[in-house]
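>
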Amino acid sequence: MSTPAQGEPPALDVSLASTPCDLDGVPVILSRITALSQGLQSSDHERRLQLLGEARALVQAIETPRDRMIMDMWARVMTIGTLRIGYESGVFGEMLKDGGRPKTVSELAEATGFDPVMLSRVMRHLAATRHITETGPQEFALTSFTRAMTLPIIGESYITASVIPGTTPTYTLAPQSMLPIYLKEANYNPAAAGWDPANPTTFQRVAATNGQEPLNLFDYIAARPGMARAFSNHMAGSAQGTTRWMEAGFYPVRERLVDGGCVDDDDPEAVFLVDIGGSTGHDMVVFQSVYPDVPGRLVVQDLPDVVAGAKVDGRIELMAHDFFQAQPVRGARAYYMHRVLHDWPDDKCLLILGEIKKAMRPGYSRLLINENVIPTTGARWEVTALDLGLFVFMGAKERTEGDWYEILEKKMGFKICGIWSAANAVESLIECELVV
Numbered sequence: 001m002s003t004p005a006q007g008e009p010p011a012l013d014v015s016l017a018s019t020p021c022d023l024d025g026v027p028v029i030l031s032r033i034t035a036l037s038q039g040l041q042s043s044d045h046e047r048r049l050q051l052l053g054e055a056r057a058l059v060q061a062i063e064t065p066r067d068r069m070i071m072d073m074w075a076r077v078m079t080i081g082t083l084r085i086g087y088e089s090g091v092f093g094e095m096l097k098d099g100g101r102p103k104t105v106s107e108l109a110e111a112t113g114f115d116p117v118m119l120s121r122v123m124r125h126l127a128a129t130r131h132i133t134e135t136g137p138q139e140f141a142l143t144s145f146t147r148a149m150t151l152p153i154i155g156e157s158y159i160t161a162s163v164i165p166g167t168t169p170t171y172t173l174a175p176q177s178m179l180p181i182y183l184k185e186a187n188y189n190p191a192a193a194g195w196d197p198a199n200p201t202t203f204q205r206v207a208a209t210n211g212q213e214p215l216n217l218f219d220y221i222a223a224r225p226g227m228a229r230a231f232s233n234h235m236a237g238s239a240q241g242t243t244r245w246m247e248a249g250f251y252p253v254r255e256r257l258v259d260g261g262c263v264d265d266d267d268p269e270a271v272f273l274v275d276i277g278g279s280t281g282h283d284m285v286v287f288q289s290v291y292p293d294v295p296g297r298l299v300v301q302d303l304p305d306v307v308a309g310a311k312v313d314g315r316i317e318l319m320a321h322d323f324f325q326a327q328p329v330r331g332a333r334a335y336y337m338h339r340v341l342h343d344w345p346d347d348k349c350l351l352i353l354g355e356i357k358k359a360m361r362p363g364y365s366r367l368l369i370n371e372n373v374i375p376t377t378g379a380r381w382e383v384t385a386l387d388l389g390l391f392v393f394m395g396a397k398e399r400t401e402g403d404w405y406e407i408l409e410k411k412m413g414f415k416i417c418g419i420w421s422a423a424n425a426v427e428s429l430i431e432c433e434l435v436v
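So for the sequence shown, UniProt numbering puts the first residue at 1; every next one is plus one.
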């Protein structure tokens, strides 16, 4: 047997590609699944997530590397596209009618104008990936998931998965698939190669190669009718089923912000909470429903085109504002940002934070940052996938606790008062104050 050259990995038997990854571990995983499933209630979010993790571990133990490769490279790519087709074509909407009874391809094609041969191919793939149920030859019914896809907050998320024009199919996988090429060109060290991942981003490089002006992602979305709405729905949909920072068991709003430090009731202009980059106000709507009696004004800020299309009720005010410019609301009790800083590299974050810092009142104002805090070990796939997506599309990142302390305390001079999280929350809430 020959010895591999120095620096080269040892040769592996090709049969490894078709060997189940961990059959020996299956009994242990099954025992954990059995234990976790006993008496499981829908309200037990922590145990549900543990069970979901074990179910995924079971699949990974049983599948072969070849199974996973085919799933990732073929099935997942086409699933994104076919789910979007089912939503946009109205097929899922038709399947929901008549109490959701099973329907044939011929019925659905007649109702939607879809070519029956092509529709049959789409439905066959969706059934194979268990997104719909095959109830008979050329007959299908929705699953709980595809029923939920008729909700815009779920269905329109799949529209945002097609932001790059070009060859068919067009998916967000276009820039992701180019990332390995760019990294290889940079010898896997972009900084040493002089490539700033934020300028241009992988997204901009792909857009430029398709003859498009290399706009950043947000400009690109804003320039395309319907995309901004779909993106907003995607953001709202991604928060469904998670505990919000202002809800019970997460961040103690009343103790930290209201009691012992509320705004002056005699000042009609006093602002309690400013949601910076708050889109159409969905977070503030939830906040107002949970805390309808907090004193002071509630302000949602975003770019003019965003707030122009927003509709809010009650005390919520909409204000056009670019967070790279001077903060017009001075001395508010709290300045809040949700999924803002993860869209930007550190140098841009410092500019955003600098404008907020100038507006804060020492000893009174608080900065609330609602973002992912990646743990040292055991990071969730949802967060790690988003982290890579942010790199591709924005040249940005999700941050570890150490990253947050570096940017907020060391670079900006804030004091981090605490970091809160909840069992059913993906993100955390970081509270900061000025150092007096």
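Ideal Cβ positions, reconstructed from N, Cα and C, are used throughout, including at glycine.
1. Among the candidates Arg-361, Thr-400 and Met-360, whose CA atom is the shortest distance from the CA of Ala-379?
2. Using the rule of at least 16 other Cβ atoms within 10 Å of the residue's Cβ for burial, across every protein chain shown, is Asp-302 buried or exposed?
3. If we ignore side chains and look at the alpha-carbon of each, how far apart do Leu-16 and Ala-75 end up?
4. Report the rounded CA-to-CA distance for Ala-434 versus Ile-369, giving the unit in angstroms.
5. Taking DSSP's pairing of strands, which residues face His-338 in a bridge?
6. Pairing CB atoms from the region 244-262 with CB atoms from the region 419-434, are three or more of them under 8 Å?
7. Can you name the start and end residues of the beta strand (DSSP E) that Gln-301 belongs to?
8. Note down the Cα distance separating Ser-421 from Ala-35, rounded to an integer number of angstroms.
9. Am I right that Val-290 and Met-337 are in contact with their C-beta atoms under 8 Å? What's the rounded C-beta distance?
10. Within this structure, are the beta carbons of residue 445 and Pro-197 separated by less than 8 Å?
11. Measure the alpha-carbon distance for Thr-135 versus Pro-152 and round it to whole angstroms.
12. Rounded to whole angstroms, what is the Cα-Cα separation between Glu-317 and Arg-330?
13. Grab the span of the beta strand (DSSP E) containing Cys-417 for me, first residue to last.
14. Could you tell me the alpha carbon to alpha carbon distance between Gly-418 and Ala-239, rounded to whole angstroms?
15. What's the C-alpha gap between Leu-350 and Val-383?
16. From which residue to which residue does the beta strand (DSSP E) around Val-274 run?
17. Alpha carbon to alpha carbon, what distance is there between Tyr-158 and Leu-83?
18. In the structure shown, what three-state DSSP assignment does Leu-350 receive?
19. Do you know how far the Cα of Leu-217 is from the Cα of Gly-166?
20. Looking only at its own chain, which residues have a Cβ that is under 6 Å from the Cβ of Val-91, when we skip the five neighbours before and after it?
21. Going by other Cβ atoms of all chains shown within 10 Å of its Cβ, with 16 needed for buried, is Arg-339 buried or exposed?
22. Just reading off the beta strand (DSSP E) that Ser-428 is part of, what are its end residues?
23. By the three-class DSSP mapping on this structure, what secondary structure does Ile-159 have?
24. I need the straight-line Cα distance from Ala-310 to Gly-281, nearest angstrom please.
25. Opposite Met-319 in the DSSP bridges: which residues?
26. Output needed for Val-274: all residues of its chain with C-beta closer than 6 Å, excluding positions within five of it in sequence on either side, in chain order.
27. Going by the CB atoms, is the gap between Met-95 and Leu-142 shorter than 8 Å?
Checking against the coordinates, here is how it stands:
1. By 1-based counting over the sequence shown, the position of residue 379 is 379. Cα-wise, what sits closest to Ala-379 is Thr-400.
2. As a working mapping, residue 302 is identified with position 302 in the sequence shown. Result: buried.
3. Counting from one through the sequence shown, the residue named residue 16 turns up at place 16. Counting from one through the sequence shown, the residue named residue 75 turns up at place 75. C-alpha separation (whole angstroms): 21 Å.
4. As a position in the sequence shown, residue 434 is number 434, starting the count at 1. As a position in the sequence shown, residue 369 is number 369, starting the count at 1. Here the sequence assigns Leu to residue 434, which means Ala is not the residue at that position. Cα to Cα, Leu-434 sits roughly 14 Å from Ile-369.
5. As a working mapping, residue 338 is identified with position 338 in the sequence shown. Paired residues: Asn-370.
6. yes
7. Working through the sequence shown from its first residue, we reach residue 301 at position 301. First-last of the beta strand (DSSP E) with Gln-301: 297-302.
8. Within the sequence shown, residue 421 is the residue found at index 421, counting from 1. Within the sequence shown, residue 35 is the residue found at index 35, counting from 1. Going by the C-alpha atoms only, they are around 26 Å apart.
9. Within the sequence shown, numbered from 1, the residue matching residue 290 stands at position 290. Within the sequence shown, numbered from 1, the residue matching residue 337 stands at position 337. Not quite, the Cβ-Cβ distance comes to about 19 Å (not below 8 Å), so this is no contact.
10. Residue 445 lies beyond the residue range present for the chain, which begins at 1 and ends at 436; the question has no answer from this structure.
11. Position 135 of the sequence shown holds residue 135. Position 152 of the sequence shown holds residue 152. Cα to Cα, Thr-135 sits roughly 26 Å from Pro-152.
12. What you label residue 317 is simply residue 317 of the sequence shown in a count that begins at 1. What you label residue 330 is simply residue 330 of the sequence shown in a count that begins at 1. Rounded to whole angstroms, Glu-317 to Arg-330 spans 15 Å at the Cα level.
13. Position 417 of the sequence shown, counted from the first residue, corresponds to residue 417. Taken as a continuous stretch (DSSP letters only), the beta strand (DSSP E) holding Cys-417 covers 414-420.
14. Reading the sequence shown from its first residue, position 418 is the one you call residue 418. Reading the sequence shown from its first residue, position 239 is the one you call residue 239. In a straight line, the C-alpha of Gly-418 is about 22 Å away from that of Ala-239.
15. Counting from one through the sequence shown, the residue named residue 350 turns up at place 350. Counting from one through the sequence shown, the residue named residue 383 turns up at place 383. So the two alpha carbons sit approximately 23 Å from each other.
16. Residue 274 sits at position 274 when you count from the first residue of the sequence shown. From DSSP, the beta strand (DSSP E) with Val-274 extends over 271-276.
17. Taking the sequence shown and counting its residues from 1, the one referred to as residue 83 is at position 83. Taking the sequence shown and counting its residues from 1, the one referred to as residue 158 is at position 158. Approximately 7 Å, taken between the alpha carbons.
18. Residue 350 sits at position 350 when you count from the first residue of the sequence shown. Leu-350 falls in the helix class under three-state DSSP.
19. One-based indexing of the sequence shown puts residue 166 at position 166. One-based indexing of the sequence shown puts residue 217 at position 217. Caution is warranted here: a pLDDT of 41 is assigned to Gly-166, below 50, making its placement in the model unreliable, and the coordinate value is therefore given only provisionally. If I take the Cα positions, the gap works out to 16 Å.
20. Against the sequence shown, residue 91 aligns to sequence position 91. Within the same chain, Val-91 has close Cβ partners Leu-108 and Thr-112.
21. Here residue 339 refers to the residue found at position 339 of the sequence shown. Counting Cβ neighbours within 10 Å, Arg-339 comes out buried, since at least 16 surround it.
22. In the sequence shown, the residue the question calls residue 428 occupies position 428. Unbroken beta strand (DSSP E) run through Ser-428: 428-434.
23. By one-based count along the sequence shown, residue 159 stands at place 159. Here Ile-159 sits in coil by DSSP.
24. Here the question's residue 310 lines up with position 310 in the sequence shown. Here the question's residue 281 lines up with position 281 in the sequence shown. Taking the straight line from one Cα to the other gives about 7 Å.
25. Counting from 1 along the sequence shown, the entry for residue 319 is found at position 319. According to DSSP, which records beta bridges pairwise, Met-319 is partnered with Gln-301.
26. Within the sequence shown, numbered from 1, the residue matching residue 274 stands at position 274. Counting only Cβ-Cβ distances below 6 Å, and skipping sequence neighbours, we find Val-299, Val-329, Ala-332 and Tyr-335.
27. Position 142 of the sequence shown, counted from the start, is the residue given in the question as residue 142. Position 95 of the sequence shown, counted from the start, is the residue given in the question as residue 95. Yes, the pair counts as a contact, with Cβ atoms nearer than the cut-off.
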